[in-house]
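Have a look at the structure below before the remarks.
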Amino acid sequence: MKLPIAVRNWQPATDGGAGADKPTIRLAAAAKRMVRARIQDRWRKQWDAERTAQPTKRLVEWPNKKMRSMRITLRHFLYKINIADSDKCPYGEGS
311 MKLPIAVRNW
321 QPATDGGAGA
331 DKPTIRLAAA
341 AKRMVRARIQ
351 DRWRKQWDAE
361 RTAQPTKRLV
371 EWPNKKMRSM
381 RITLRHFLYK
391 INIADSDKCP
401 YGEGS
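Right under this line is the structure:
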């Protein structure tokens, strides 16, 4: 079976399909996902490089979202709907 010329000469794009002079257009969701991944990667590098946090590292392998943002979502939500007086953590450790 003989393949068409377009199939025989096909080569994958090395730059994702956009030319060097054209900006890559991404959906907002994809852009947000890329930004979040870069932020998490930077957090991971800082976490791994930290030398004084060994006791904490023995307790938790990786800080969760609440630890990274220092925000307790329920308390913040209650503050937004005027049920709590403040969005601050009652122990003064976060917001």
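Per the numbering used here, the very first residue in the sequence shown carries number 311; after that it's consecutive.
The beta carbon of each residue, even a glycine, is placed where N, CA and C say it ideally should be.
Bear in mind the structure is a predicted one, so any value in this text is a computation, not a measurement.
Reducing DSSP to helix, strand and coil, say where residue i ends up.
i: K397; result: Note that residue 397 is Asp in the sequence shown here, rather than Lys. Correct three-state label for D397: coil.
i: K332; result: coil
Assign residue i to buried or exposed, taking buried as 16 or more other Cβ atoms, counted over all protein chains shown, within 10 Å of its Cβ.
i: A338; result: exposed
i: Y401; result: exposed
Residue i lies in the alpha helix (DSSP H); which residues open and close that run?
i: I391; result: Here I391 belongs to no alpha helix (DSSP H), and DSSP marks it neither H nor E.
i: R354; result: A338 to A359
i: T362; result: Where T362 is concerned, there is no enclosing alpha helix (DSSP H), given that its DSSP letter is neither H nor E.
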